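Worksheet: the structure to be examined is printed underneath.
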Amino acid sequence: MRPPSTNRSQGKPEGEISVERETEGESRVTIGPRSRTRGALMSTTESFGQLLRRLRVQAGRTQEEQAEAVNTASGRDTLTRREISRYETGETVPTKHTVTQIARSCGVAPEVLLNAAAIARSRRKGEMHQGDKPPSPELGTPTVELAAAVSLDFADFIAPWHADDDHVCFLRDSLARIAGQYVCTPVLPLFDDLVGVRDETFGLLRRRQKPHHARELYVLAGASCLLLAHASQNLGNSHAALAQIRTASTCAQQIDHKPLRAWAAATAALIAEWSAQPTRALQLAEKAIALAPAGHSRIRAFAIQARTAARTGDQRAADAALTRMATAQVEHPDTDELVELGGIFTFPPAKQDYYTGTTFSLLGRYEEAEKCATRAVNQYRHGPPAARSYGDEALATIDIALARIRQDDIDTAARRLQPILALPSDQRIQQLALGLRPVTRALEESPALHTSGATDLLDLTRKYQVLGAPALPSL
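UniProt numbering applies: residue 1 is where the sequence shown begins, and numbers increase by one.
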C-alpha cells in the first residue's frame with residue numbers, strides 16, 4: 001500500500017487533520033486534501049467552528065441531518081439543529097462526549113477533534129492570554145482527559161443500551177463531584193462537564209431502563225438541571241434558569257420524588273421573589289416546606305421564606321419563618337438523595353447564618369445582621385476549603401459593610417469591601433452587583449458622603465462589573 005504523499009509546504013501527510021498553534025493563543029486546524037470533497041483546495045487553515053462546518057459539508061449534510069447523524073453515532077437523541085449551528089458559529093464548544101460522537105459520525109480520529117476543542121474551549125473561557133502557549137497535545141491535563149474520553153467512548157460502544165449499576169454510579173459520582181466543586185469554583189470551568197453529565201443522563205432515559213435505574217436517572221437528571229439553573233442564574237440568564245427548574249420539577253413529578261420537588265419549588269420561589277411576584281414566591285416557599293424532608297432542604301425553605309417576607313417588609317412573617325427555621329435546625333434529618341450529593345445541594349450552618357443576616361439587613365436591623373453575617377464569614381474562612389463558598393462569603397461581607405455604613409463607619413466598610421472589589425472577573429457572579437446596590441444607596445444617603453473615602457467607595461460600587469447580563473439574586 002502506497003504511503004500518503006507529503007505536502008512539503010506544510011510538512012505533514014496529505015489527508016491528515018492536525019492542530020496548529022499560533023503565538024496569540026489561537027487554535028487553527030489544517031485539513032489536507034484527502035479529507036476534502038472533490039474540487040476543494042489542497043489545504044486551508046480554519047477555526048474549530050469552521051472545521052465542524054467543513055466536516056459536515058464534506059459529508060453532504062444539512063445541519064439537521066448532521067444532528068441526526070451524531071445522534072445515531074451516540075445512540076441518543078439529544079442533539080438538535082440549533083446546537084449544530086451554535087457549534088459552527090463558535091457560540092459554544094461541544095462537550096468532550098459530543099466531540100467524540102461528531103468525529104465518529106464524520107469518520108475522523110476523535111483525538112484530533114478533542115484536542116482542537118480543548119484549545120478552543122480554553123480560549124473561550126479566557127484561560128489563555130496573549131503570548132501564552134495553548135495546551136500541549138503530548139503532556140499534561142489535556143492528554144489525561146483525552147485518554148479518559150477515548151476510554152469512555154469505547155465503554156459506550158461495547159456497553160448495552162440500558163444502564164447498569166456501574167454506569168449509574170459513575171454518573172452519580174460525576175454529578176456529586178461537580179456539585180462539590182460548584183461551591184468553591186467559578187461557574188464557567190464546570191459548565192461543560194455539567195452539560196455532559198446531563199446529556200448522558202437524558203440519553204439513557206430516552207431508552208428503556210430497569211425501573212430502579214430509571215428512578216435514579218430521573219433524580220440525577222433533575223439534579224443536573226437544578227445545578228444548571230444555579231449556573232445559568234449566576235451567569236445572568238434567569239430565563240434559562242427557569243427553564244432548567246421546570247425540567248427538574250418535571251423529572252421529580254415522573255417519579256413523585258418529594259425531595260427533588262421541594263428543592264425545585266424552593267429555587268422557583270427565589271426566582272419569583274425577584275420577579276415582582278412576592279405572593280407567588282411565598283406560595284412556592286410554603287410548597288417547598290410541605291414537601292421538604294427534615295434537614296437541609298427544610299431549613300433552606302424556611303430561610304427563603306424568611307428572606308422573601310423581609311423583602312416585602314413583613315417583619316412578623318419574617319420572624320415567624322426564622323423561628324420555624326430554628327426548630328428545623330434541631331430536627332433529626334431524614335434521608336435525602338439530593339443532600340447526599342453534597343456541595344450546592346446542602347445548606348450548611350454558614351449559609352444559614354448568611355441568609356439570616358440578609359433577612360435582618362432587609363428589615364433594617366443592622367446590628368443583628370452584622371452579627372449573623374460575621375459568624376457566616378468566619379465559618380467560611382476557617383472551615384474546610386472545599387466548603388468555602390466564595391459567593392456567599394462575599395455577599396455576607398457586603399451585609400457587614402452595609403451595617404458599618406449605616407453606622408457611619410465608612411473606613412471599616414471600605415476595608416471590608418476591598419476584597420470584593422478586587423475579586424477575579426470569573427468570580428464576580430451577578431449577585432454581587434445586586435448585593436452592592438443597597439451599599440450604593442446607603443453611601444448616597446450617608447452624612448459622610450462628601451468625605452473623600454465615601455466618594456471613592458461610592459464610585460467603585462457604581463462601576464462594579466460582573467459576569468453576564470443583569471440577573472436575579474442568589475439561588
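C-beta: ideal position from N, C-alpha, C; glycine also. The model shown is predicted, which means the values in this text are computed figures rather than measured ones.
query	result
Using only the alpha-carbon positions, how far apart do residue 268 and residue 285 sit?	8 Å
Flag this pair as touching only if the segment 257-267 and the segment 335-345 have three or more C-beta atom pairs under 8 Å; answer yes or no.	yes
State the Cα-Cα distance for the pair residue 228 and residue 246, rounded to the nearest angstrom.	12 Å
Using a Cβ-Cβ cutoff of less than 8 Å, which residues in the same chain neighbour residue 397 once the five nearest sequence positions on both sides are dropped?	373, 377, 416, 417, 419, 420
Anyone know if the C-beta pair for residue 226 and residue 248 falls short of 8 Å?	yes
With distances taken between CB atoms, is the gap from residue 329 to residue 299 smaller than 8 Å?	yes
Does residue 274 come out as helix, strand or coil in the three-state DSSP assignment?	coil
Given a threshold of 16 other Cβ atoms within 10 Å of its Cβ, counted over all protein chains shown, does residue 109 qualify as buried or as exposed?	exposed
Taking the C-alpha atoms as reference points, what is the distance between residue 385 and residue 425?	20 Å
For the ligand NAD, is there a heavy atom less than 7 Å away from the beta-carbon of residue 64?	The ligand NAD is absent from the structure shown, which contains no ligand whatsoever.
Going by C-alpha to C-alpha distance, which of 184, 49, 180 sits closest to residue 117?	49
Quick one: does residue 72 have its CB under 8 Å from some CB of chain C?	Absent here is chain C; the protein component of the structure consists of one chain.
With DSSP collapsed to three states, give me the class of residue 381.	helix
From what residue to what residue does the alpha helix (DSSP H) around residue 420 run?	410-421
Assuming residue 224 contacts residue 175 (C-beta within less than 8 Å), just tell me the rounded distance between them.	6 Å
Verify whether the separation of the beta carbon atoms of residue 252 and residue 240 is less than 8 Å.	no
State yes or no: is the C-beta of residue 405 within less than 8 Å of the C-beta of residue 230?	no
Looking at residue 278 and residue 311, is the spacing between their C-beta atoms short of 8 Å?	yes
Tell me which same chain residues have a C-beta within less than 7 Å of the C-beta of residue 302, skipping the five on either side of it?	289, 321, 324, 325, 328
Within this structure, are the beta carbons of residue 390 and residue 436 separated by less than 8 Å?	no
In terms of alpha-carbon separation, which member of 433, 414, 422 lies closest to residue 457?	414
Is residue 191 helix, strand or coil when you go by DSSP?	helix
At which residues does the alpha helix (DSSP H) containing residue 339 begin and terminate?	337-341
Could you have a look at residue 115 and say whether DSSP puts it in helix, strand or coil?	helix
Under DSSP, the alpha helix (DSSP H) around residue 312 begins and ends at which residues?	That residue, residue 312, is in no alpha helix (DSSP H); it is neither H nor E in DSSP.
If you reduce the DSSP assignment to three classes, tell me which class residue 211 lands in.	helix
In terms of alpha-carbon separation, which member of 183, 94, 69, 63 lies closest to residue 82?	63
In the DSSP assignment, the alpha helix (DSSP H) including residue 521 goes from what residue to what residue?	Here the chain comprises residues numbered 1 to 475, so residue 521 is not present and cannot be evaluated.
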